[in-house]
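Accompanying notes for the structure given below.
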Amino acid sequence: MVNANYIGGQWLTGPDARPDVNPSDLGDVIGEFARADATQAEAAIAAAVDAQKGWAALPGAARAEILDRAGGELLARCEELGDALSREEGKTLTEGVAEVRRAGQIVKFHAGEAVRNPGEFLGSVRADVEIVVSREPVGVVSVITPWNFPMAIPAWKIAPALAHGNAVVFKPADLVPSSAWSLVDVLIRAGLPEGVLNLVMGSGREIGDVLTGDERVDAVSFTGSTSTGRRVRESAQSHGARVQLEMGGKNPLIILDDADLDATVAGAVEGSFGSTGQRCTASSRLVVTDRIHDEFVQRLTAARNEIIVGDARHPDTTMGPVVDADQLAQDRRYLDVAAAEGAEVVGGELLDLGTPGHYLAPALLVGTRNDHVVNREEVFGPVASVIRVNDLDEAIAVANDTEFGLTAGIYTTSLSAATRFRRQSTAGMVMVNLPTAGVDYHVPFGGRRGSSFGPREQGRDARDFYTSTKTSYVSGM
Ligand code: NDP
Numbered sequence: 135m136v137n138a139n140y141i142g143g144q145w146l147t148g149p150d151a152r153p154d155v156n157p158s159d160l161g162d163v164i165g166e167f168a169r170a171d172a173t174q175a176e177a178a179i180a181a182a183v184d185a186q187k188g189w190a191a192l193p194g195a196a197r198a199e200i201l202d203r204a205g206g207e208l209l210a211r212c213e214e215l216g217d218a219l220s221r222e223e224g225k226t227l228t229e230g231v232a233e234v235r236r237a238g239q240i241v242k243f244h245a246g247e248a249v250r251n252p253g254e255f256l257g258s259v260r261a262d263v264e265i266v267v268s269r270e271p272v273g274v275v276s277v278i279t280p281w282n283f284p285m286a287i288p289a290w291k292i293a294p295a296l297a298h299g300n301a302v303v304f305k306p307a308d309l310v311p312s313s314a315w316s317l318v319d320v321l322i323r324a325g326l327p328e329g330v331l332n333l334v335m336g337s338g339r340e341i342g343d344v345l346t347g348d349e350r351v352d353a354v355s356f357t358g359s360t361s362t363g364r365r366v367r368e369s370a371q372s373h374g375a376r377v378q379l380e381m382g383g384k385n386p387l388i389i390l391d392d393a394d395l396d397a398t399v400a401g402a403v404e405g406s407f408g409s410t411g412q413r414c415t416a417s418s419r420l421v422v423t424d425r426i427h428d429e430f431v432q433r434l435t436a437a438r439n440e441i442i443v444g445d446a447r448h449p450d451t452t453m454g455p456v457v458d459a460d461q462l463a464q465d466r467r468y469l470d471v472a473a474a475e476g477a478e479v480v481g482g483e484l485l486d487l488g489t490p491g492h493y494l495a496p497a498l499l500v501g502t503r504n505d506h507v508v509n510r511e512e513v514f515g516p517v518a519s520v521i522r523v524n525d526l527d528e529a530i531a532v533a534n535d536t537e538f539g540l541t542a543g544i545y546t547t548s549l550s551a552a553t554r555f556r557r558q559s560t561a562g563m564v565m566v567n568l569p570t571a572g573v574d575y576h577v578p579f580g581g582r583r584g585s586s587f588g589p590r591e592q593g594r595d596a597r598d599f600y601t602s603t604k605t606s607y608v609s610g611m
């Protein structure tokens with residue numbers, strides 16, 4: 135049986151379908167999923183156009199009730215759906231369950247936003263004139279998401295879009311249709327009217343330009359690679375659609391001489407190798423001051439040796455497989471490049487665990503410089519490099535010397551060093567005595583420079599992208 139797309143209130147199979155394969159066990163096919171073509175993508179946009187005004191006309195409380203119900207179901211089913219997510223994407227069971235729980239919290243948060251109905255009431259410079267600044271939906275939103283957080287990222291785009299009265303056409307990454315399908319199923323059964331949320335699974339190459347370039351699309355929210363992000367931006371802006379991009383990072387984690395080493399090593403392991411290193415907030419550059427460098431590397435190497443790579447859903451596993459063969463090849467290519475540039479590569483070998491899967495040992499690159507390729511480009515795998523620096527000044531300069539700017543962290547027991555770093559960091563999110571990864575759902579998420587474009591995602595700031603302000607002047611005459 136093929137799991138169908140959802141267009142205009144109907145589950146429809148497409149002209150094509152693909153098997154969804156478990157990266158922990160390539161012999162395990164999760165299911166067949168439909169792949170939409172351009173005609174179906176256009177039909178989804180048309181359905182969203184037809185549904186949007188009616189959806190926006192509902193009281194915010196009615197939209198809130200539906201979202202709250204969906205969020206509640208995600209929370210109640212987080213074990214089951216988290217297991218399915220781990221089977222599909224390859225993050226550990228603990229990480230999979232936590233992600234579904236997070237998706238539930240996100241959807242519930244935005245249910246609340248639907249009734250908070252933000253606006254302002256102000257006086258005018260003219261006597262007897264009053265001003266109301268209200269927010270209205272933008273219209274039809276294309277949501278295009280990556281494979282690495284197959285529930286949480288779609289949730290943090292779709293939930294605020296719907297809460298504020300927009301209709302959505304959702305295209306998940308081709309690698310993770312099952313998680314997307316389950317999320318849409320939950321939202322639909324919570325009571326969304328037909329056409330308000332449409333699911334078009336399929337290849338970004340084939341339908342991406344329709345979802346970004348169709349003139350009926352008012353806004354595009356995208357997370358993924360920098361190169362695809364650029365293309366999405368051009369296509370959306372060519373017809374005046376607003377666009378929001380999240381595109382990765384090369385996040386520095388500074389470790390100063392005075393840091394608590396136990397906490398630092400634990401934070402570096404989590405930041406660098408959590409989710410198999412496949413997250414835009416990964417701590418991929420460990421910037422370590424000279425006096426603590428050797429001891430830190432020794433302790434981190436020992437901690438790396440303790441990581442148990444295995445089937446994502448096995449209870450003993452602490453790091454799951456790489457998501458697919460292409461990503462694995464990319465990770466290995468970067469390890470070769472790092473070695474050729476003079477890094478000492480600790481780990482990073484292919485692992486044969488008996489079942490066919492994309493297993494890679496976590497890798498530490500020691501003795502790298504910040505101008506090495508591996509410190510300029512996003513690897514997106516379990517690969518962290520160590521850069522030795524003299525002091526805090528050099529550490530901050532190295533941390534900021536990147537074309538990205540998503541997140542940055544520091545481990546130190548010095549309040550003044552932490553404060554200086556927090557003020558001088560050029561990243562959009564800054565962590566003190568915490569890994570660069572690990573963010574909350576109720577505050578803004580986003581970076582600067584090459585990491586992000588457009589208004590912030592998540593928290594209350596999400597409304598800036600999904601609403602348009604209207605300024606009304608009223609005279610009592
Ligand atoms: P992509 O940027 O190619 O994919 C992200 C999303 O965009 C997917 O849904 C994809 O669809 C879609 N897409 C692809 N082409 C187009 C297009 N022309 N127009 C509109 N949408 C399109 O990233 P990948 O998933 O292929 O991963 C490649 C690399 O990107 C990774 O190795 C990593 O470096 C980086 N990445 C960064 C992420 C982040 O959060 N910063 C997340 C994921 C990846 P489809 O899946 O069908 O190709």
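Residue 589 in the numbering used here sits at position 455 of the sequence shown; the count goes up by one each step and never skips.
The C-beta atom is built at its ideal place from N, Cα and C for all residues, glycine as well.
Quiz item: For Phe538 versus Ser585, is the C-beta distance shorter than 7 Å?
Solution: yes
Exercise. Mind checking who Val479 pairs with in its DSSP beta bridge?
Key: Leu499
Quiz item: Among all the DSSP beta bridges, which residues are the ones paired with Ile388?
Solution: Its beta-bridge partners are Val421, Ile544.
Quiz prompt | For Tyr88, three-class secondary structure by DSSP | solution = Outside the shown range of the chain, which is 135 to 611, sits residue 88, and nothing can be said about it.
Quiz item: Using the C-alpha atoms, what's the distance from Ala472 back to Ala168?
Solution: Taking the CA atoms as reference points, Ala168 sits about 39 Å from Ala472.
Quiz item: Since Trp290 is in the alpha helix (DSSP H), which residue starts that stretch and which ends it?
Solution: 286 to 297
Self-check item: Heavy atom of the ligand NDP within 6 Å of Cys414 beta-carbon
Solution: yes
Quiz item: Sorry if obvious, but does the Cβ on Asn282 come closer than 6 Å to a heavy atom of the ligand NDP?
Solution: yes
Quiz item: What residue ranges within the segment 406 to 452 form continuous beta strand (DSSP E) runs of no fewer than 3 residues, ordered along the chain?
Solution: 417 to 423
Exercise. Quick one: give me the first and last residue of the alpha helix (DSSP H) that Gln464 is part of.
Key: 459 to 474
Quiz item: Can we count Gly358 as close to the ligand NDP, meaning its CB is less than 6 Å from some heavy atom?
Solution: yes
Quiz item: Would you report the Cα separation of Thr601 and Ala138, rounded to the nearest angstrom?
Solution: 30 Å
Quiz item: Can you find a heavy atom of the ligand NDP that lies under 6 Å from the Cβ of Phe514?
Solution: yes
Self-check item: Environment of His373 [buried if 16+ CB atoms lie within 10 Å]
Solution: exposed
Exercise. Enumerate in chain order the residues of its own chain whose CB-to-CB distance from Ala181 is below 7 Å, with the five nearest sequence positions on each side excluded.
Key: Ile141, Gly142, Gly329, Asn332
Exercise. Return yes when the C-beta of Ser337 is under 6 Å from any heavy atom of the ligand NDP, and no when it is not.
Key: yes
Quiz item: Secondary structure at Phe538, three-state DSSP: helix, strand or coil?
Solution: The answer is coil: DSSP assigns Phe538 none of H, G, I, E or B.
Exercise. Pull up the distance between the alpha-carbon of Ile442 and that of Ala286, whole angstroms please.
Key: 25 Å
Self-check item: Contiguous alpha helix (DSSP H) assignments of at least 4 residues, all confined to the segment 184 to 259
Solution: 194 to 210, 212 to 223, 227 to 250
Self-check item: Rounded separation between Val577 and Phe255 - CA only
Solution: Their backbone Cα atoms lie some 25 Å apart in a straight line.
Quiz item: Which residue's Cα is closest to the Cα of Phe514: Arg557, Glu528, Ala232, Ala463?
Solution: Ala463
Self-check item: Pro311 - containing alpha helix (DSSP H), residue span
Solution: 311 to 323
Quiz item: For the ligand NDP, any of its heavy atoms closer than 6 Å to the Cβ of Thr410?
Solution: no
Quiz item: By DSSP, does Asp150 sit in helix, in strand, or in coil?
Solution: strand
Practice problem: With a floor of 3 residues, list each beta strand (DSSP E) that falls wholly inside the segment 503 to 586, ordered by position along the chain. | Solution: 517 to 523, 541 to 545, 563 to 566
Quiz item: Between Thr362 and the ligand NDP, is the CB less than 6 Å from at least one heavy atom?
Solution: For the ligand NDP, at least one heavy atom lies less than 6 Å from the Cβ of Thr362.
Quiz item: At a cut of 8 Å, does the segment 239 to 258 reach the segment 155 to 175 through at least three beta carbon pairs?
Solution: no
Quiz item: Helix, strand or coil: how does DSSP classify Gln371 here?
Solution: Gln371 falls in the helix class under three-state DSSP.
Quiz item: Where does the unbroken alpha helix (DSSP H) through Val344 begin, and where does it stop?
Solution: 338 to 347 is the extent of the alpha helix (DSSP H) around Val344.
Quiz prompt | Burial state of Thr547, where buried means 16 or more other Cβ atoms lie within 10 Å | solution = exposed
Practice problem: Tell me whether Thr357 is buried or exposed, calling it buried when 16 or more other Cβ atoms sit within 10 Å of its Cβ. | Solution: buried
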